[in-house]
Structures are given as C-alpha cells and as structure tokens.
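The numbering of the sequence shown is this note's numbering, which starts it at 26 and goes up by one.
Built from N, CA and C at the ideal position, the CB exists for glycine as well.
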Amino acid sequence: MSNFIDTLTVAKFGGTSMGSVDAMESAAKIVNANPTIRLVVVSATSGTTNQLLHVYKAAVRGETLVVNDLLGALEHRHLEMAKNLNAHPSTLDEIFSELSNTAKEITTESPRQLDQLLSFGERMSAQLFRAALEKNHITAHTVDARTLLATNSFFGKAEPQIEATRAHCARNLLARLKEKEVLVTEGFIGADSHGATTTLGRGGSDYSAALLAEAIEATNLEIWTDVSGILTMDPRTVKEAKIIREISFAEAAELANFGAKVLHPATLLPAMRAGTIVFVKNTFSPFDPGTKIYAELADKPLFRAVAVRNNQTLITVSSLRMLNAHGFLAKIFAVLAEHELSVDLVTTSEVSVALTIDGTSLGSSGKGIRENKALFDALSTIAEVRIEENLSLIALIGNHLTQSAGIAARAFACLGDVNVRLICHGASHNNLCFLVDSEQANTAAQHLHRAFL
Ligand code: ADP
Ligand code: ASP
Ligand code: MG
Numbered sequence: 026m027s028n029f030i031d032t033l034t035v036a037k038f039g040g041t042s043m044g045s046v047d048a049m050e051s052a053a054k055i056v057n058a059n060p061t062i063r064l065v066v067v068s069a070t071s072g073t074t075n076q077l078l079h080v081y082k083a084a085v086r087g088e089t090l091v092v093n094d095l096l097g098a099l100e101h102r103h104l105e106m107a108k109n110l111n112a113h114p115s116t117l118d119e120i121f122s123e124l125s126n127t128a129k130e131i132t133t134e135s136p137r138q139l140d141q142l143l144s145f146g147e148r149m150s151a152q153l154f155r156a157a158l159e160k161n162h163i164t165a166h167t168v169d170a171r172t173l174l175a176t177n178s179f180f181g182k183a184e185p186q187i188e189a190t191r192a193h194c195a196r197n198l199l200a201r202l203k204e205k206e207v208l209v210t211e212g213f214i215g216a217d218s219h220g221a222t223t224t225l226g227r228g229g230s231d232y233s234a235a236l237l238a239e240a241i242e243a244t245n246l247e248i249w250t251d252v253s254g255i256l257t258m259d260p261r262t263v264k265e266a267k268i269i270r271e272i273s274f275a276e277a278a279e280l281a282n283f284g285a286k287v288l289h290p291a292t293l294l295p296a297m298r299a300g301t302i303v304f305v306k307n308t309f310s311p312f313d314p315g316t317k318i319y320a321e322l323a324d325k326p327l328f329r330a331v332a333v334r335n336n337q338t339l340i341t342v343s344s345l346r347m348l349n350a351h352g353f354l355a356k357i358f359a360v361l362a363e364h365e366l367s368v369d370l371v372t373t374s375e376v377s378v379a380l381t382i383d384g385t386s387l388g389s390s391g392k393g394i395r396e397n398k399a400l401f402d403a404l405s406t407i408a409e410v411r412i413e414e415n416l417s418l419i420a421l422i423g424n425h426l427t428q429s430a431g432i433a434a435r436a437f438a439c440l441g442d443v444n445v446r447l448i449c450h451g452a453s454h455n456n457l458c459f460l461v462d463s464e465q466a467n468t469a470a471q472h473l474h475r476a477f478l
C-alpha cells in the first residue's frame, strides 16, 4: 500500500501526550511538521483508563452515586479540553450519552462490558485530537478503530486477527490515506467478528499502532511518549539511565517483554514481520533524536539494559507423590493452559515446581491470580499449592550473556542483601533474571544498573 507514497508514517501518541491541551498542541505540531504522517493513533488522556476502571468497579458494586461522580469528573475534564481546543460544542455529546448508558447497564462482572466501557477513553481523545489538528490548520478526520482492527473475542486481552485487519484497512483506510488529510484513530480498541468492542490489554495502543502500520504497509512507526527514547532503565527508578540511540528489534522486544513500560510487549512483533522501522520519541522534546529500532545492528553490546516487571505471582506446587512419578509437570501445565495462563519462569526440584505468572498480562481488568478460584481448585487436586504475590522480576538484558563467564556471580554479588527468590539463567542468551520482593525491586535494579551499565 505504501507504493503511492515513498514514506508512510503512523504516529502514536500516548496518554501523557494527550493529557492536556498544551500536550495535544505539541502533538499537533509534530504531525504538522511531518507530511508523511497520515495515520495517527491515540491513547486515552492520561488517567482516564484508570478512572473508567473505577467506574466499572463502582458499577459492579451498585454504587450509583460514585459512578455518577466519576463520570461527571471525566466529562468535565474532557469538555474543558474540547472548549480550549475550539472543538464544536456538541463534539462529545453522543459519546457522553453512550458512555453513561453503558455504565448504567453494568450490574455484574462482565469483561465484555468492561471493554465497552474502557473504549470511551480513546474514543473521547480521538475526537479531541482531531480538534487539536484542525486548530493547527491540519485537515483531519477520525476513523473508528473498530472498523479497522479485527480481534478475537477474548475480552480484556483480545488477540488481533492480522488478515481480517488487513482487509478492513484496505476497505476503510486505503483510499482515504491517499487524500490530503490526516486520519485519527483510537489505540487499544478493536472489534470482534460480531462487532463487539474489545481491548488489547493495558498499554495496548502501542500494539494497535504497530498492527495498523503493518496492515497499511507503513514504512515508519513513531511512538511519541514522555521520555526521549528507550533508556537503559526506567528513568523514574534510575536517574543515570542513558538513552539507547539504536537497538535491534530482538533486543527491544526483550526489553518490552521484561517490563519496560515504554513499549507494550507485543508492539515489535508486527513491526518485525513487516520490517517497519520504529522510533520512540518525546512529544515534549521533539527534537531529541530518540531511539531507532530496526532489524539488524552491527553493534550488539554484552549488556543493554535492566528492566523490572512488577505484579508477578509465584505459584509453588509441591507433593511427595511427585518423587519418582511421571506426568506431574504435564498435569500442572495442562491446568494452566486451560486457564489461558502463560508461565514465565519455571524451576523444579524433586518434590516441587515453582513457576511465575505475570499478573499484568491478565488483561484490562488487572485482576490477580488469587481471585481465580477455579485455577486454585484445579491445581489443588494435583498437589499442595502456595501462591505468593507482590513479587517483581528483574532482568539484565544483553547479548550472548550465557557465553561470558562470571556474569551470574557478579550479578549476585552486586545484589547484596536483596532477597532473591528465584533465578533464571542459561535458558536464554539475552537475559538473566531474578525474582525479588516488590519492595526491593527498585534497589535491585539500581544495583544491577550501576554494576553493568
Ligand atoms: P505512554 O502513555 O506514552 O504510552 P507510558 O507511561 O506507557 O507512556 O510509557 C512511558 C514510560 O515508560 C516512561 O515515562 C518511563 O517511566 C517508562 N519506562 C520504563 N522503562 C523504560 C525504559 N527502559 N526506557 C524508557 N522509558 C521507560
Ligand atoms: N489507554 C490504555 C491504557 O491506559 C491504552 C494505552 O494507553 O496504551 O492502558
Ligand atoms: Mg504506554
């Protein structure tokens, strides 16, 4: 599709980049300065998705007054922004009334209704950003992401359907991309084959943008956020973290996968498939070079970065019956597969198996494993089960880590008195990871960063 234009760029703006009128104006100027940007993917304004999640929880508890207060505050904030962006006074009317009807219909837990409710964050910001572009003299229209991004019906963490998405984009986007207009669509949301609204899981707008870039064969994907690229560690935790100017798809994917929030873990998969060059840049400092992510790099340093993934759950399954018995692991994994849980780390001993599950991967509701009684019951029929929460996975990421002697010993030494619950080394050349109590996660990351980067 990109043959009608040499360079076609999809730009995604995150929550903070949509978080205020000033931020939206900065984002609009970025779009204005680059005529190759034809499709813009936006997140909800910062804090909105969390607020909608509160609305949902209050609705399930039957707290109508709380629901109304929260919705009132959300509407007020968005209306103020609309006014300051010179949007037409009725721009958000229809969305607001649909939002309040959706909230009213929620009486019990329903992942399907939750996705419907969460979608309003992105739907509001898309309208606001269109107004911001118009205010900056850019002709812009919105396209409903649910007419573009096809997913399965796994509400809360829907999986994209690539071929259907490509067909939808060919039908609903291709001709319009050739016009001299900028199209704005929502990140995070899609629709299943019945037309029901779905979400890709928290932080999913990056993934949406990459999927749409793949579908329209865009050459470039720009992820505009609140930091000047991918750093060697989250700068909120490690002040000395350094910007990585260029990084390979594989390394960046590893970083995202191990919790670097700057990119949703799946973002680079479509980009790798399609060969889209990805840039991570700062909306608030647009002339900083940022990070360029592409296929092959000559320079592959031994140590690249440190990442922290919070919200890890350790499940220990133990039984004396395991001694010399076969089939135990298979049974445990069968139960986990049945509950659609993917396991990250596994260690086994004669009588026990310890494995970690990523609590953040469970979808938009943010619900923990402990609340999954069916899973607990199923595992308990096999053996004794212990569930520990509030753990964090710290990963040292790099290249050929298993081929260099002494790295694990050095890492252990620098961790000092941090209580390491589990270590995983050797399974991958690209990471060395430790499970620690969440309270000690930042300290562990700081020590590792100081020692290796
Ligand atoms: P957006 O709303 O734009 O999607 P996010 O909050 O999801 O932004 O992601 C940006 C944040 O990711 C940064 O503010 C930073 O604190 C955090 N972050 C975590 N790890 C890294 C890293 N390695 N490099 C850069 N930022 C990181
Ligand atoms: N608004 C969604 C979230 O907060 C998606 C995103 O921002 O990427 O999770
Ligand atoms: Mg994000």
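Of the listed residues the options, nearest to residue i (C-alpha basis)
{"i": "Val209", "options": "Ile419, Val65, Asn456 and His364", "result": "Val65"}
{"i": "Val303", "options": "Leu236, Leu153, Gly212 and Tyr319", "result": "Tyr319"}
{"i": "Gly284", "options": "Ser68, Leu380, Ser417 and Gly39", "result": "Ser417"}
{"i": "His193", "options": "Ala420, Val85 and Leu237", "result": "Leu237"}
{"i": "Glu247", "options": "Val35, Gln465, Asn467 and Leu460", "result": "Val35"}
{"i": "Ala156", "options": "Ile187, Pro114 and Glu130", "result": "Pro114"}
{"i": "Asn109", "options": "Ala266, Asp402, Leu96 and Asp47", "result": "Asp47"}
{"i": "Leu124", "options": "Lys82, Thr167, Asn111 and Leu77", "result": "Leu77"}
{"i": "Ala275", "options": "Pro326, Glu211, Ser230 and Phe312", "result": "Pro326"}
{"i": "Leu33", "options": "Arg411, Gly300 and Asn335", "result": "Gly300"}
{"i": "Asp20", "options": "Ala183, Gly212 and Ile268", "result": "Nothing in the structure corresponds to residue 20, since the chain is present only between 26 and 478."}
{"i": "Glu130", "options": "Val80, Ile422 and Ile163", "result": "Val80"}
{"i": "Ala266", "options": "His474, Ile55 and Lys37", "result": "His474"}
{"i": "Asp259", "options": "Asn467, Arg227 and Ile432", "result": "Asn467"}
{"i": "Leu104", "options": "Leu90, Glu119, Ala296 and Asn336", "result": "Glu119"}
{"i": "Leu158", "options": "Ala200, Arg137 and Ala107", "result": "Ala107"}
Cβ pair residue i, residue j closer than 9 Å
{"i": "Ser42", "j": "Thr308", "result": "yes"}
{"i": "Ala240", "j": "Leu173", "result": "yes"}
{"i": "Leu288", "j": "Arg329", "result": "no"}
{"i": "Ser144", "j": "Arg102", "result": "no"}
{"i": "Thr292", "j": "Leu339", "result": "no"}
{"i": "Leu117", "j": "Leu142", "result": "no"}
{"i": "Thr250", "j": "Lys317", "result": "no"}
{"i": "Phe180", "j": "Thr244", "result": "no"}
{"i": "Ser344", "j": "Glu409", "result": "yes"}
{"i": "Leu400", "j": "Leu366", "result": "yes"}
{"i": "Leu447", "j": "Thr373", "result": "no"}
{"i": "Ala183", "j": "Ser218", "result": "no"}
{"i": "Thr127", "j": "Val85", "result": "no"}
Neighbourhood of residue i by C-beta distance below 8 Å, restricted to the same chain and skipping five residues each side
{"i": "Ser310", "result": "Ser253"}
{"i": "Gly44", "result": "Thr70, Ser71 and Gly72"}
{"i": "Lys356", "result": "Ile407"}
{"i": "Asn455", "result": "Ala275, Glu276, Glu279, Ile422, Gly423, Asn424 and Leu426"}
{"i": "Asp369", "result": "Gln337, Leu380, Thr381, Ile382, Asp383 and Leu418"}
Buried versus exposed call for residue i [16 or more other C-beta atoms within 10 Å across all chains shown]
{"i": "Arg191", "result": "buried"}
{"i": "His472", "result": "buried"}
{"i": "Ala17", "result": "The chain is shown from 26 up to 478; residue 17 falls before or after that span and cannot be answered."}
{"i": "Ser7", "result": "Outside the shown range of the chain (26 to 478) lies residue 7, about which nothing can therefore be said."}
{"i": "Asn444", "result": "exposed"}
{"i": "Ala112", "result": "buried"}
{"i": "Phe312", "result": "exposed"}
{"i": "Lys286", "result": "buried"}
{"i": "Asn28", "result": "Note that Asn28 scores 49 on pLDDT, short of 50, meaning its location in the model is unreliable; the coordinates nonetheless yield the value given after this. Classification of Asn28: exposed, given that the 10 Å Cβ count is below 16."}
Coil, strand or helix - residue i by DSSP
{"i": "Gly97", "result": "helix"}
{"i": "Gly72", "result": "coil"}
{"i": "Gly40", "result": "coil"}
{"i": "Asp140", "result": "helix"}
{"i": "His79", "result": "helix"}
{"i": "Lys317", "result": "strand"}
{"i": "Ile163", "result": "coil"}
{"i": "Ile394", "result": "helix"}
{"i": "Glu204", "result": "coil"}
{"i": "Met26", "result": "Since pLDDT at Met26 reaches only 48, below the 50 mark, its modelled position is unreliable, and the value read off the structure follows with that caveat. Here Met26 sits in coil by DSSP."}
{"i": "Asn18", "result": "With the chain covering 26 to 478 only, the question about residue 18 has no answer from this structure."}
{"i": "Arg196", "result": "helix"}
{"i": "Asn245", "result": "strand"}
{"i": "Glu188", "result": "helix"}
{"i": "Ala330", "result": "strand"}
{"i": "Ala216", "result": "strand"}
{"i": "Gly226", "result": "coil"}
Contacting residues, own chain, Cβ-Cβ under 6 Å from residue i (five flanking each side not counted)
{"i": "Asn161", "result": "Ala53 and Asn57"}
{"i": "Asn415", "result": "Ser463"}
{"i": "Gly39", "result": "Ser68 and Thr250"}
{"i": "Cys458", "result": "Leu418, Ala420 and Cys449"}
{"i": "Thr257", "result": "Ala266, Lys267, Ala330 and Leu478"}
{"i": "Leu270", "result": "Looking at the sequence provided, one finds Arg at residue 270 rather than Leu. Nothing listed; no residue qualifies."}
{"i": "Phe121", "result": "Glu100"}
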